[in-house]
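Residue numbers (my numbering): 52 to 318.
For each residue, glycine too, the CB sits at the ideal point set by N, CA and C.
Remember, it's a predicted structure, so these values are computed and weren't measured experimentally.
Here it is, written out as structure tokens:
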């Protein structure tokens with residue numbers, strides 16, 4: 052039987068390891084997520100985790116802790132059956148993301164946990180009441196994070212005036228931000244001579260994930276075939292994986308929630 056597979060592709064994936072792996076973890080369920088279908092619910096500008104969201108974050112953290120050690124050097128660890136081996140953990144500064152990430156940081160113990168401002172959700176921190184016309188708000192101050200999440204490394208410039216303190220993020224700024232994050236990620240952790248494999252976790256947001264996917268894959272924003280509107284769905288505390296290998300990128304999986312029980316699958 053004739054083998055039509057491309058031989059260089061087979062050799063590439065079998066014989067090389069990723070220079071960098073990125074794991075994109077969506078935050079746990081927030082009060083805004085829980086209230087999305089309630090017409091009487093008043094949205095929070097910086098929503099916190101629900102009890103379900105806290106459970107999701109704790110279970111995810113325990114799952115990652117139990118699988119932190121790499122138990123085999125098999126390059127086909129494409130579903131992390133041989134472990135994760137995180138080297139860096141980043142979070143946006145939105146409360147729901149920091150709380151989710153802090154659970155994992157505490158569970159892993161010795162993995163550097165750092166704020167990455169630009170992986171925030173679309174729009175930023177803004178007023179949700181119609182009459183306030185999406186007015187930009189300050190965001191949480193430095194003292195909030197130091198008191199509640201002392202594990203996180205904060206930007207030097209963050210003070211008591213809050214981390215956002217700017218207008219609502221316009222549509223035309225969002226894709227540029229995702230492209231900037233990708234470029235900075237590759238500059239910080241991408242292919243460099245003599246570099247050991249880096250395994251990065253982002254704890255971030257569903258809307259930003261779609262922007263990031265468009266940046267990685269060079270996709271037009273929400274333009275599917277035959278005039279359809281496209282979207283990449285992420286459940287709360289789902290995990291998605293990207294492998295970067297010497298000029299190539301592979302999406303290994305998206306929206307993996309196998310570590311969560313059925314009653315904790317939320318969106």
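Taking a 10 Å sphere around the C-beta of residue 90, we find fewer than 16 other C-beta atoms and assign the residue as exposed. Contact between the segment 165-175 and the segment 250-258 is present: three or more C-beta pairs spanning the two stretches fall below 8 Å.
Residue pairing for residue 165: DSSP places it in a beta bridge opposite 141, 204.
Non-local beta-carbon contacts of residue 133 in its own chain, meaning distances under 7 Å to residues more than five positions away in sequence, involve 121, 122, 123, 125 in chain order. For residue 70, the secondary structure class from DSSP, reduced to helix, strand or coil, is coil.
Here DSSP, grouped into helix, strand and coil, assigns residue 114 to helix. In this structure residue 186 is exposed. Its beta-carbon is surrounded by fewer than 16 other beta-carbon atoms within 10 angstroms.
Taking the Cα of residue 146 as reference, the smallest distance to any Cα among 78, 248, 225, 238 is reached at 78. The alpha helix (DSSP H) runs lying completely inside the segment 227-255 and spanning 4 residues or more number zero. Of all C-beta pairs linking the segment 302-316 to the segment 103-114, three or more are shorter than 8 Å, placing the two stretches in contact. Remark: C-beta atoms of residue 214 and residue 144 approach each other more closely than 8 Å. Judged by DSSP in its simplified three-state form, residue 277 adopts helix.
Residue burial annotation: residue 98 is buried, with at least 16 other C-beta atoms found within 10 angstroms of its C-beta.
Residue 263 and residue 174 have their C-alpha atoms spaced approximately 15 Å apart. Counting C-beta pairs with one atom in each stretch, the segment 197-215 and the segment 270-289 have fewer than three that are closer than 8 Å, which means they do not touch. For residue 293, the enclosing beta strand (DSSP E) starts and ends at 290-296. According to DSSP, residue 81 shares a beta bridge with 100.
Its Cα nearest to that of residue 138, the residue 248 stands out among 279, 153, 272, 248. Contact between residue 75 and residue 149 does not hold, since the beta-carbon distance rounds to 16 Å and is not under 8 Å.
Listed as beta-bridge partners of residue 76 by DSSP are 254, 290. Per DSSP, residue 129 lies in no alpha helix (DSSP H) segment and is marked neither H nor E. Within 10 angstroms of the beta-carbon of residue 276 lie fewer than 16 other beta-carbons, which makes it exposed.
Taking the C-beta atoms as reference points, residue 317 is found nearer than 8 Å to residue 84.
The beta carbon of residue 194 is closer than 7 Å to those of 211 in its chain, skipping five residues each way along the sequence. The residue among 272, 242, 221 with its C-alpha nearest the C-alpha of residue 298 is 242.
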